[in-house]
Amino acid sequence: LYFAATLIVPPIVEKGRNKITTPPPYQASKQAMDVYNNLDFIADLHCDALLWDRDLTEKSDYGHVDFPRMQEANVALQAFTIVTKSPKGQNMHQNSADATDNITSLSIAQGQPVGTWFNLYDRAIYQCEKLHDFASDYDNMQLIKSKSDLTNFVSHRKTNPKAMAGFLGIEGAHCLEGDLENVDKLFNAGVRMMAATHFFDNKLGGSAHGISGEGLTDFGKQVIDRMDDLEMIIDLAHISPQMIEDILDRTTRPVIVSHIGVKAVLNSPRNLSDAQIKRIAANGGLIGIAFFPGAIGDEGVKGIVASMKHVKSLVGVKHVALGSDTDGSVTLPFDITGLPLIVEEMLKQGFTTSEIKAIMGENVKQFLLDNLPSS
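Take our numbering: the final residue in the sequence shown is number 503, and no numbers are missing along the way.
Okay, structure coming up:
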């Protein structure tokens, strides 16, 4: 009975969580498609597909991302981010770390190894291993861990446009289980980006959606310092305003906000103020604009591009990127094959071809070439 449930339940659960408002295929104007088809490097900073019981090497008719759909959309690079805990009743305003964890039941229902059922670190390692396995099973997918990996991939893609790459991130450092040595272990498992918190406070400090509102704890400071030593990229998504200030005061390296909106478009605890955007830009950071209503409002693609336009106007186009949050238990305007619709809206809102090229992937490529470990 349990084995049968692991086959039947997970697809039903995901179909209810990762929805799209408009199904494919998507139609963009000839002008937009001409621009899109001439983009050399499309990249996105946030996708939670590893959370779900889906074979990413096969094209699916549900969810938002898999390798065949990445190829169909000409996506070169995708950040695959790891979710290890999600509180029951999750919301943008206030969540307790003691709330019932939704991922526990999901891990059990998916038939994952028993170690993942109640251990957050084991869940993170399991998802790392999933991406390694998927990449090894798919001829045109490579896992990026270093500047040299990315340099070689960019060169390879010039002769093989079907080539794709991914890199691993962590959504919430609660998966460290309070053990600093686990930063190194996750790094050795391929993780190259990590956010301090997710939807609740943890041992590193306060979440934007937590209770305390506190900044970096002593343990949090140790983690940030170790990440800097390893050249692991710090992700500021989901952290409290005080944590943003504390991390920017402490880190010696540029940061990423992998999936976020801006308060000027939607005034939400989830989103960045103008002052925060300016501090992140001054740090040399990169801001990935998310695609879901909780970040960009209810106008879909118009809201996505309006958020990009605000950051561009405030600090310059080089600090803007795609940060979709695909497969993140959110409803999006489209799956990954709908990315040309963003280009179409960018043209309508006055973006130049060079600005579109930067936001659609060149900014991410350059940031990673500058900030990943050398080898």
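Just so you know, even glycine gets a beta-carbon here, dropped at the ideal spot from N, CA and C.
These numbers were taken from a predicted model, which means no experiment stands behind them.
Range of the contiguous alpha helix (DSSP H) that encloses residue 281: Within the sequence shown, numbered from 1, the residue matching residue 281 stands at position 153. Start and end: 275-287.
Selected residue, minimal CA-CA separation from residue 210, among 363, 378, 337: For the purposes of this step, residue 210 is identified with residue 82 of the sequence shown, where counting begins at 1. The shortest Cα separation from residue 210 among 363, 378, 337 belongs to 363.
Reference residue 326; option with closest CA among 398, 263, 316, 495: Taking the sequence shown and counting its residues from 1, one reaches residue 326 at position 198. With distances taken between Cα atoms, residue 326 lies closest to 398.
Proximity to residue 155 [Cα-Cα], best of 479, 462, 482: Along the sequence shown, read from residue 1 onward, the residue named residue 155 stands at position 27. Residue 462 is the option with its Cα nearest to residue 155.
Per DSSP, the bridge partner or partners of residue 175: Here residue 175 corresponds to residue number 47 of the sequence shown, with the count starting at 1. Note: residue 175 sits in a beta bridge opposite 208, 454.
Assigned exposure category for residue 464 - 16 Cβ within 10 Å defines buried: Sequence index remark: in the sequence shown, residue 464 carries index 336 (1-based). So residue 464 counts as buried.
Residue 354 vs residue 393 beta-carbon contact at 8 Å: Here residue 354 corresponds to residue number 226 of the sequence shown, with the count starting at 1. Here residue 393 corresponds to residue number 265 of the sequence shown, with the count starting at 1. Taking 8 Å as the Cβ cut-off, residue 354 and residue 393 do not qualify as a contacting pair.
Cα-Cα separation, residue 469 to residue 201: The residue given as residue 469 occupies position 341 in the sequence shown. The residue given as residue 201 occupies position 73 in the sequence shown. Their Cα atoms are separated by approximately 11 Å.
Presumed contact (8 Å Cβ cut-off) between residue 368 and residue 389, rounded CB distance: If you number the sequence shown from 1, residue 368 lands on position 240. If you number the sequence shown from 1, residue 389 lands on position 261. With a Cβ gap of about 16 Å, residue 368 and residue 389 do not count as contacting.
Top-ranked residue by Cα proximity to residue 214, from 289, 432, 474, 224: Indexing the sequence shown from 1 puts residue 214 at position 86. Answer by Cα proximity: 224.
Through-space distance from residue 162 to residue 304, alpha-carbon basis: Numbered from 1 along the sequence shown, position 176 holds the residue referred to as residue 304. Numbered from 1 along the sequence shown, position 34 holds the residue referred to as residue 162. Cα to Cα, residue 304 sits roughly 45 Å from residue 162.
Through-space distance from residue 358 to residue 292, alpha-carbon basis: To locate residue 292, count along the sequence shown from 1; it is residue 164. To locate residue 358, count along the sequence shown from 1; it is residue 230. One C-alpha to the other measures close to 25 Å.
At least 3 beta-carbon pairs within less than 8 Å: the stretch 160-178 vs the stretch 447-461: yes
Nearest-angstrom Cα separation, counted from residue 328 out to residue 301: What you label residue 301 is simply residue 173 of the sequence shown in a count that begins at 1. What you label residue 328 is simply residue 200 of the sequence shown in a count that begins at 1. Answer to the nearest angstrom: the Cα atoms are 11 Å apart.
6 Å Cβ shell around residue 373 - same chain, five flanking residues per side excluded: Taking the sequence shown and counting its residues from 1, the one referred to as residue 373 is at position 245. Contacts found: none.
Cut-off 8 Å between Cβ atoms - residues of its own chain near residue 222, not counting five sequence neighbours on either side: The residue labelled residue 222 in the question sits at position 94 within the sequence shown. The residues are 337, 338, 339.
Residue range of the unbroken beta strand (DSSP E) whose run includes residue 320: Within the sequence shown, residue 320 is the residue found at index 192, counting from 1. Note, residue 320: beta strand (DSSP E), 319-323.
Option in 314, 297, 331 with minimal Cα separation from residue 323: As a working note, residue 323 is residue 195 in the sequence shown. Nearest C-alpha to residue 323: 297.
The alpha helix (DSSP H) enclosing residue 269, as first and last residue numbers: Within the sequence shown, numbered from 1, the residue matching residue 269 stands at position 141. Element bounds for residue 269: not the alpha helix (DSSP H) but the beta strand (DSSP E), 269-271.
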